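Only one structure is covered here, and it is reproduced in the block below.
Protein chains: 2
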Amino acid sequence: MRRPTLRQLASELDLSITTVSRALAGYSDVAHDTRQRIHQAAKKAGYVPNSAGKSLVTGQTGFIGLLLPLSDRPQIDPFFSEFLAGLGEGLQARARDCFLATVGPAQSELEVLQHVVESGRADGMVLTRIGESDERVDYLNERGFPFITHGRTLNDAPSRCWVDTDGETAFATAFEELYSAGHRRFGLISIEEPMSFRHFRETGLMQAIQQRNDATVSLAIGRTPRFDPAARARAASTMLTSHTRPTAILALTDEIGLSILEQAAALRIDVPSELSVIGFDNLPASEWVRPTLTTFDQRVRETALELGHRLVDLIDGTSGSGQRPAQHLLDATLIRRGSHGPAPGVRHEYTTGN
Amino acid sequence: MRRPTLRQLASELDLSITTVSRALAGYSDVAHDTRQRIHQAAKKAGYVPNSAGKSLVTGQTGFIGLLLPLSDRPQIDPFFSEFLAGLGEGLQARARDCFLATVGPAQSELEVLQHVVESGRADGMVLTRIGESDERVDYLNERGFPFITHGRTLNDAPSRCWVDTDGETAFATAFEELYSAGHRRFGLISIEEPMSFRHFRETGLMQAIQQRNDATVSLAIGRTPRFDPAARARAASTMLTSHTRPTAILALTDEIGLSILEQAAALRIDVPSELSVIGFDNLPASEWVRPTLTTFDQRVRETALELGHRLVDLIDGTSGSGQRPAQHLLDATLIRRGSHGPAPGVRHEYTTGN
DNA sequence: AGCAGTATCCGAAACGTTTAGGAAGACTAA
DNA sequence: TTAGTCTTCCTAAACGTTTCGGATACTGCT
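Protein chains in written order, with the working numbering: chain L, 852 to 1205; chain V, 852 to 1205.
Okay, structure coming up:
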């Protein structure tokens, strides 16, 4: 039982293909009762336009591509399902579907991206995990292919579409929160990879420190490969056993934050009385651990929904009319939980050292 | 700058479209040096066949659809990214792409499924979250559309393709492990939804209990809606405060297991000395909590990879030659962690009651 | 020279849709 | 009556690909 086509419908109704097509598409040059007959027959036959045919003539596929690297590390992205849910919701509202361009371990993302773009499988692209500079962005820019990114590079033109979470403000806020609570010896455990979110979060912290202009504030920085749990634990442990252990540590991600909590427990350092930790991402696990992890929520779902809408605007050329700016920065909201608190009293400063 | 087409390539090379097409497709009726000229020109022009054109004539899209419900609950599926990674990897190896058919809150999955199938956007479908009986499965069966499921219904024909984790054996194993450790008063916190994995896990437990044929074994059963954290907590707390509190509780999922650990901590019931808990899923959080949660790992990624390969086999008709059976049951592996241990001594049985 | 066989290429149709550019008839206004 | 304007419908081309069924020229053989 093959799917009904326009031709079949037309011959059944003794009409031309054109008329059936135009009736279904809602054009006004079809008589009212003809239109009704057509709609009835279409519904009865279960007619759904063949997307390949349509795509061939319109040049649009109705697909949005999402570049998905399949590294061998276990978790792709902790909030990936959230992201997908938001994106899917946004795209569905605009009658598009999402397709996953998977990047195998042996391929480069750029390679896959080029193939997708050139084969015309997608009308637009969504890119995540943006680096401080990003060859994928450069390629699509040059190619003139519609795309949007979750995150920005360090040198985007003002017209380049992106949606990002304001990590800069978030980390400044975190610093202020902790500074006000009396903390002066700070730590930051960051990642080694030059992702742009690292840049912004770090910058936010640095600027906030500078702005305080308080010589008693110190900052120790540790780095770890992003996806190596053992290295993460080492970085945390190193900072926690240092001679001048910080009283407050900012973790670039929750995974790092959880690792710090774990090492602190192992070293019998009480959180939050002896040590404050603030993470970023609001992973599910950050609610399950004890103490619970204070962190920032990115509202990933919302972000991705926005991303979808904006990309379709871009493709349809709707964004030219200027209702929304091309770039959109969303606030991260601080989720105050159990892993931060007032700094330990100055008296204790030298007794807690290792 | 539009993408190069076969026609352009052909006229450039002073050849017919046919020849260029056949050379690129690897047919043998093209002279060696002609073939080389064509390949060179194609590479130079960056030619990639237009997928709509190809799809129109071959009737294949190269896409596999994955039905993705966008419920309003925050996390779609804890291991969703894992699943996607595996599926993507499998499909990529077979030169297919994965597309996401998102189901909005207002739509039914069946409705979306029908639309995808009838519009010819996909060559095959992957279904997850299978119910004990499932209208989506019925529809696709009847429609004769290629599909595979992660999970099985309670009445699948032997030829119906699926890959599933053996929850039956897993729960029997868990029971045996605990029984051998001296536990006799068991609890099970299950879900309310008639998902088929619930059926198999419960059945596995029941059968294991029956097989022991030990009158001193008791089983208390609690149920909670799958995605309601508050109800989950209530169910856990109810079982933990019952007059005859179990010494070992099996949680149908890790989310339930984590909730039990949380409630136990709140009630000052020590795990594992007073209570053993075993979950299922191996969520990331189960490693972060203290005590860590003993649970089963489903090897989601591996499962999904298998799923992808088998579906493509099915589509290509390769599975007819009978190298692999249509149905495949994978073992879940017990990850022994900190939340289970020997049963508390009989002496304590009546002192721990609430 | 005549013939079969082979290597190499091509014309044309087909897939299902959209849409530009009419055409035919009915109505309106003078 | 006649020209003009709507309303309603249709013909035909186009999108880019694959593939069936030849066509042509060359080879080797008798």
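Note that the Cβ used here is the ideal one computed from N, Cα and C, for glycine as well.
Predicted, not measured: the structure shown is a model, and the values here were computed from it.
Item                                                                                                                       : Value
Proximal residues, the segment 1135-1151 of chain V versus chain L, C-beta separation under 7 Å                            : P1135, A1136, W1139, V1140 and R1141
Members of the segment 1084-1113 of chain V near chain L, C-beta cut-off 7 Å                                               : L1109
Buried versus exposed, by CB contacts within 10 Å (16 or more), V/G971                                                     : buried
Proximal residues of chain V, C-beta to C-beta of L/G939 below 8 Å                                                         : L919, L921, L951 and T953
Under 8 Å between C-beta atoms of V/S1127 and V/R1083                                                                      : no
C-beta neighbour in chain V for L/T856, strict 8 Å                                                                         : no
Residues of the segment 1177-1199 of chain L whose Cβ lies closer than 8 Å to any Cβ of chain V, in chain order            : none
Residue nearest to V/T1016 in terms of C-alpha spacing, selected from V/R987, V/P1142, V/F1051 and V/E983                  : V/F1051
Opposing strand residues paired with V/W1013 [DSSP bridges]                                                                : V/T1000 and V/Q1178
9 Å Cβ cut-off: residues of chain V touching L/A876                                                                        : Near L/A876 there are no residues of chain V at all, since even the closest Cβ is about 15 Å away, more than 9 Å.
Residue ranges of each alpha helix (DSSP H) within the segment 858-915 of chain L, 4 or longer                             : 868-876, 883-896 and 902-909
CB contact check: L/V988 to chain V, cutoff 8 Å                                                                            : no
Any chain V beta carbon closer than 8 Å to L/V899                                                                          : yes
Sequence-distant residues of its chain with Cβ nearer than 6 Å to L/F930 (five each side left out)                         : V1151
Short CB-CB distance (under 8 Å) between L/T912 and chain V                                                                : yes
For L/T1024, the nearest candidate out of L/D1007, L/E1043 and L/M1057 (CA to CA)                                          : L/M1057
Where L/G1192 falls: helix, strand or coil (DSSP)                                                                          : coil
With 16 other Cβ atoms within 10 Å as the buried cut-off, status of V/G897                                                 : exposed
Short CB-CB distance (under 8 Å) between L/S872 and chain V                                                                : no
Unbroken beta strand (DSSP E) run spanning V/D1294, endpoints                                                              : Nothing can be reported for residue 1294 of chain V, as the shown portion of chain V is limited to 852 through 1205.
Minimum C-alpha distance to V/A1086 - residue among V/T1098, V/I1072 and V/E1028                                           : V/I1072
When L/L860, L/R886, L/I868 and L/H1191 are compared against L/A1099, the one with the closest alpha-carbon                : L/H1191
Continuous beta strand (DSSP E) assignments of at least 3 residues falling wholly in the segment 1063-1100 of chain V      : 1069-1075
Sufficient close CB pairs (3 or more, under 8 Å) joining the segment 966-982 of chain V to the segment 996-1006 of chain V : yes
Contact between the segment 1118-1125 of chain V and the segment 1116-1126 of chain L (3+ Cβ pairs under 8 Å)              : no
Beta carbon proximity, L/L907 to chain V, threshold 8 Å                                                                    : yes
Buried or exposed (CB count within 10 angstroms, at least 16 for buried), L/H1034                                          : buried
CB contact check: L/E863 to chain V, cutoff 8 Å                                                                            : no
Cβ-Cβ distance between L/G916 and L/L1156 below 8 Å                                                                        : no
C-alpha gap between V/R886 and V/D865, whole angstroms                                                                     : 13 Å
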